[in-house]
Amino acid sequence: MRALMRGGDSAAALDRVFGRAALDGRDRAFATELAHGTLKRKRTLIWAVQSCLNKPFDKLDTLLQWVLLTGAYQLLYLERVPAHAAVDESVALARRIGHAGLAATANAVLRRLSREHPQPPQPKPSDGAPALGLYASLPDWIAQSYIDRFGFAEALRIGDGLNLAPRRALRADLSKWTDSQARHMLETAGFETAYGNLGIPECIVIEDAAHADRRPFDAAIADGRLTVQSEESQFAVHLLAPAPGETVLDVCAGRGVKTGGIAARMGGEGQIIALDDDAKKLATLAQSAARFATPVAVVCADARAPYELGGVNSVDAALVDAPCSGLGILGRRADARWRKQPGDPARFGRVQADVVERAAAHVRPGGRLLYVTCSTARVEDEDVIERFLTQQPAWRPRLLEVPSSASAMTRAGNGLLSAPGIGGADGFFYAMLERAS
Numbered sequence: 000m001r002a003l004m005r006g007g008d009s010a011a012a013l014d015r016v017f018g019r020a021a022l023d024g025r026d027r028a029f030a031t032e033l034a035h036g037t038l039k040r041k042r043t044l045i046w047a048v049q050s051c052l053n054k055p056f057d058k059l060d061t062l063l064q065w066v067l068l069t070g071a072y073q074l075l076y077l078e079r080v081p082a083h084a085a086v087d088e089s090v091a092l093a094r095r096i097g098h099a100g101l102a103a104t105a106n107a108v109l110r111r112l113s114r115e116h117p118q119p120p121q122p123k124p125s126d127g128a129p130a131l132g133l134y135a136s137l138p139d140w141i142a143q144s145y146i147d148r149f150g151f152a153e154a155l156r157i158g159d160g161l162n163l164a165p166r167r168a169l170r171a172d173l174s175k176w177t178d179s180q181a182r183h184m185l186e187t188a189g190f191e192t193a194y195g196n197l198g199i200p201e202c203i204v205i206e207d208a209a210h211a212d213r214r215p216f217d218a219a220i221a222d223g224r225l226t227v228q229s230e231e232s233q234f235a236v237h238l239l240a241p242a243p244g245e246t247v248l249d250v251c252a253g254r255g256v257k258t259g260g261i262a263a264r265m266g267g268e269g270q271i272i273a274l275d276d277d278a279k280k281l282a283t284l285a286q287s288a289a290r291f292a293t294p295v296a297v298v299c300a301d302a303r304a305p306y307e308l309g310g311v312n313s314v315d316a317a318l319v320d321a322p323c324s325g326l327g328i329l330g331r332r333a334d335a336r337w338r339k340q341p342g343d344p345a346r347f348g349r350v351q352a353d354v355v356e357r358a359a360a361h362v363r364p365g366g367r368l369l370y371v372t373c374s375t376a377r378v379e380d381e382d383v384i385e386r387f388l389t390q391q392p393a394w395r396p397r398l399l400e401v402p403s404s405a406s407a408m409t410r411a412g413n414g415l416l417s418a419p420g421i422g423g424a425d426g427f428f429y430a431m432l433e434r435a436s
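Under numbering that gives the first Met the number 0, the first residue of the sequence shown carries the number 0, and numbering increases by one thereafter.
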């Protein structure tokens, strides 16, 4: 509760709480769902609680606000929690970390909420972004951006999906074991596995069972046989298709999740250059790279400015996972939707234009560059690519095919776009560019 009140990164706050509290897997799962669900649905929950108050919600004590919101989340969205238990536990919490007056107010409001069960009506296209924003618990400007991009009906599906648990996927390093071996280990440990929708051989979709034995899972993560990575993120490396013997530049590599996928695909033959401006992230990448089959050189540099690649004159392929607004992954970051600003997409679009131009300068004639964002904003996606192609006549787009089973993916200009929240997908944009020989 206090972690929610303080704000900040909700996932990091939960990790700190779990580090201090001895909770089993089931309790951790419940605490995570309660915290993340309350943050995601905050706008809708405030509306519901306000309907049961005789004073403005924002005039309440901050502690009482969060007691009411977490209690309301359980009453309105967690059917497995009995209503009386949600009310009683919330009242007891208000009394324990507040005082009797807060507890009395919480009791009255939550009992009324339990009886009336207020829910905003499902909006119609004529209702516009404010109604969709209230229904899906999104800022109006984000709701409008989804309507503009996908149409109202699809934006409604996106809004619903972003408030559900995102699909969880793993990348198996097939240079270390086989897909069947990885799935057998996971299923024996109690996880349910499934195949993804994008035709990626190393992708394993899992259901994280609270009763599963996590020890073999944690061991496989520790030694690099498995990596937690969304299917849409893995699809970037799948499209780039790095081959043994190539030299590959990974721009804005961060902690190296995609770098590891590139290394596994290259099978120990060739070279990877991972570039980022965050020295701490690169240090983490370098530690992980000790387990990679393919050698990785790290370069700490600003991707927007001219940079050198440590004596490498040119590369065969570049992956540009550009900094972006993150409008495609709001379902994975519970509090992110409340931190975004309307000007973010245009601001990042200007950054991305510079990053692509600098990376392209290092690609050899006949080489390729894959541009990727986890944003659904056109100004960060097609507009960046179209501007680059207009200014760089030596480059041309390569047509990418939509995987036959990818229900959430469509063509967007010279690239592909996946719709966030549909079937648990993340929203990613991909565009492949080729330099003339």
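Just so you know, even glycine gets a beta-carbon here, dropped at the ideal spot from N, CA and C.
Residues of the same chain with a CB within less than 6 angstroms of the CB of residue 413, apart from the 5 flanking positions on each side, are 384, 396 and 430 in chain order.
In the structure shown, the three-state DSSP call for residue 144 is helix. Contact annotation: the region 316-334 touches the region 360-367, with at least three C-beta pairs closer than 8 angstroms. In the three-state scheme derived from DSSP, where H, G and I count as helix and E and B as strand, residue 320 is classed as strand. Around the beta-carbon of residue 125, fewer than 16 other beta-carbon atoms lie within 10 Å, marking it exposed. Nearest C-alpha to residue 361 among 377, 336, 304 and 425: 304. Secondary structure of residue 291 (DSSP, three-state): coil. Residue 366: member of the beta strand (DSSP E) spanning 362-372, first to last residue.
The Cβ neighbour count for residue 54, taken over all protein chains shown within 10 Å, is under 16; the residue is labelled exposed. In the three-state reduction of the DSSP assignment, residue 414 falls in the strand class, which pools E and B. When the five nearest sequence neighbours on each side are left out, the beta carbons in the same chain lying within less than 6 angstroms of the beta carbon of residue 201 are those of 170, 171 and 173, in order along the chain. Per the coordinates, the alpha-carbon of residue 157 lies some 14 angstroms from the alpha-carbon of residue 139. In this structure, residue 31 lies away from residue 136, with their beta-carbon atoms at least 8 angstroms apart. The DSSP-derived three-state label of residue 409 is strand. Nearest to residue 215 by alpha-carbon distance, out of 186, 206, 41 and 238, is 186. Excluding sequence positions up to five before and after residue 166, its CB lies within less than 8 angstroms of the CB of 204, 229, 230, 422, 423 and 424, all in the same chain and listed in chain order. Contact between residue 372 and residue 323 holds, with the beta-carbon distance rounding to 4 angstroms and staying under 8 angstroms. When C-beta atoms of the region 66-75 are compared with those of the region 98-117, three or more pairs fall below 8 angstroms, so the two segments count as touching. Excluding the 5 residues flanking it on each side, residue 72 has same chain C-beta neighbours closer than 8 angstroms at 33, 36, 37, 40 and 44, in chain order. Unbroken beta strand (DSSP E) stretches of 3 residues or longer found wholly inside the region 228-308: 246-250, 270-275 and 295-299, given in chain order. A distance below 8 angstroms separates the beta carbons of residue 284 and residue 258. Distance from the Cα of residue 327 is smallest, within the candidate group 358, 348, 426 and 122, for 426. If you look at residue 204, you'll find it in the beta strand (DSSP E) that goes 202-206.
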